[in-house]
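Numbering-wise (the UniProt record's numbering), the sequence shown opens with residue 1 and increments by one.
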Amino acid sequence: MAAARAGAIDGCVAEQRQLQFEVAHYIELPLIELGTMARAADLRHLVYFLELTRLEASDHTERCRPDQ
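What follows is the structure in structure tokens.
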């Protein structure tokens with residue numbers, strides 16, 4: 001019984017990890033484009049915050065990558 005429970009918990013953890021990976025990756029992609037646009041318009045503060053947010057999304061993408 002405990003083994004079946006552990007398998008269910010592991011499945012939930014794997015599903016959550018997959019969801020986190022997908023969402024972080026989805027968020028990261030437009031942030032790259034927005035950062036490029038802000039940089040071209042010389043919007044330094046926006047570039048800073050967009051890059052900071054992109055790095056956070058990238059970090060989550062790497063940590064939650066399903067193949068790890």
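Where is the CB? At the ideal position from N, CA and C, for every residue including glycine.
All values derive from a computational prediction rather than experimental measurement.
- Just measuring C-alpha positions, the residue of L50, R63, A57 sitting nearest Y26 is A57.
- For the 8 Å CB-CB criterion, A14 and T61 do not form a contact.
- The Cβ neighbour count for L31, taken over all protein chains shown within 10 Å, is at least 16; the residue is labelled buried.
- Counting only runs that start and end inside the segment 4 to 58, there is no beta strand (DSSP E) element of at least 3 residues.
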